[in-house]
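Enquirer: Residue numbers (my numbering): 22 to 168. All residues carry an ideal CB built from backbone N, CA and C; glycine is no exception. All values derive from a computational prediction rather than experimental measurement. For reference, the structure I am asking about is given below.
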Amino acid sequence: MALAVGSGVKVPRNFRLLEELEEGQKGVGDGTVSWGLEDDEDMTLTKWRGVILGPPRTSYENRMYNLKVECGPGYPESPPFVRFVTKINLNGVHTSNGVVDMHAVSALAKWQTSYSIRMVLLELRRLMTCKENMKLPQPPEGQIYTN
């Protein structure tokens with residue numbers, strides 16, 4: 022079931038998130054990003070996990086980056102809160118706690134209700150390939166943020 026984007030119809034939050042969950046479970050896309058609920062029993066559909074595979078020919082290559090995504094009560098009118106769990110050196114990500122700066126990521130800064138968790142993860146992966154990020158030295162593999 023596709024959303025009627027731009028039709029002026031407001032899709033209830035849970036319907037929208039259930040659709041995103043279904044896409045994540047089916048593995049929509051090329052497999053470079055994935056997402057799902059942190060806890061299958063979370064009936065509020067609030068806390069999600071995301072994974073980004075580091076793009077080839079960058080300092081992120083052959084690494085898996087785990088993220089936490091929180092879709093608050095205002096979602097999808099408001100963007101999700103996104104935080105890397107795996108330590109990463111990437112412009113727009115706070116080095117002390119992995120929080121993604123909403124103003125540094127266009128999918129979050131220019132958020133629209135038609136955007137999705139998948140789109141945010143893909144945008145973060147695209148940022149890894151940008152000239153200013155692709156060769157940044159990375160923390161040792163496997164390190165995570167403590168908070």
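Report yes if the C-beta distance between N118 and N154 is below 9 Å; otherwise report no.
Expert: As a working note, residue 118 is residue 97 in the sequence shown. As a working note, residue 154 is residue 133 in the sequence shown. No.
Enquirer: Helix, strand or coil for E144? Go by DSSP, reduced to three states.
Expert: Position 123 of the sequence shown holds residue 144. In the three-state reduction of the DSSP assignment, E144 falls in the helix class, which pools H, G and I.
Enquirer: Just list the beta strand (DSSP E) runs in the region 73 to 106, keeping only unbroken ones of 3 residues or longer that don't cross its boundaries, in chain order.
Expert: 85 to 91 and 102 to 105
Enquirer: On the premise that C92 lies in contact with L66, defined as a C-beta separation below 8 Å, what is that separation, rounded to the nearest angstrom?
Expert: As a first step, residue 66 must be located in the sequence shown, where it is residue number 45. As a first step, residue 92 must be located in the sequence shown, where it is residue number 71. Taking a contact as a CB-CB distance under 8 Å, the pair L66 and C92 counts as one, their CB atoms being some 7 Å apart.
Enquirer: For Q133, which option in I165, K108, P97 and N110 has the closest C-alpha, if you only look at C-alpha atoms?
Expert: Stepping through the sequence shown from its first residue, residue 133 is reached at position 112. Ranking the options by Cα distance to Q133, first place goes to P97.
Enquirer: Straight-line CA distance for S99 to E44?
Expert: For the purposes of this step, residue 99 is identified with residue 78 of the sequence shown, where counting begins at 1. For the purposes of this step, residue 44 is identified with residue 23 of the sequence shown, where counting begins at 1. Between S99 and E44, the C-alpha separation is close to 20 Å.
Enquirer: Measure the alpha-carbon distance for S80 versus L38 and round it to whole angstroms.
Expert: On the sequence shown, position 59 is the one that residue 80 refers to. On the sequence shown, position 17 is the one that residue 38 refers to. Cα-Cα distance, rounded: 33 Å.
Enquirer: What residue range does the beta strand (DSSP E) around G57 cover?
Expert: Stepping through the sequence shown from its first residue, residue 57 is reached at position 36. G57 -> beta strand (DSSP E) spans V54 to L58.
Enquirer: Do you know how far the Cα of L58 is from the Cα of G52?
Expert: Sequence index remark: in the sequence shown, residue 52 carries index 31 (1-based). Sequence index remark: in the sequence shown, residue 58 carries index 37 (1-based). For G52 and L58, the distance between alpha carbons rounds to 17 Å.
Enquirer: Counting along the chain, where does the alpha helix (DSSP H) carrying L66 start and finish?
Expert: Counting from one through the sequence shown, the residue named residue 66 turns up at place 45. Premise fails: L66 is in no alpha helix (DSSP H) and is neither H nor E.
Enquirer: According to DSSP, simplified to helix, strand and coil, what is I109?
Expert: The residue you call residue 109 lines up with position 88 of the sequence shown. Coil, per DSSP.
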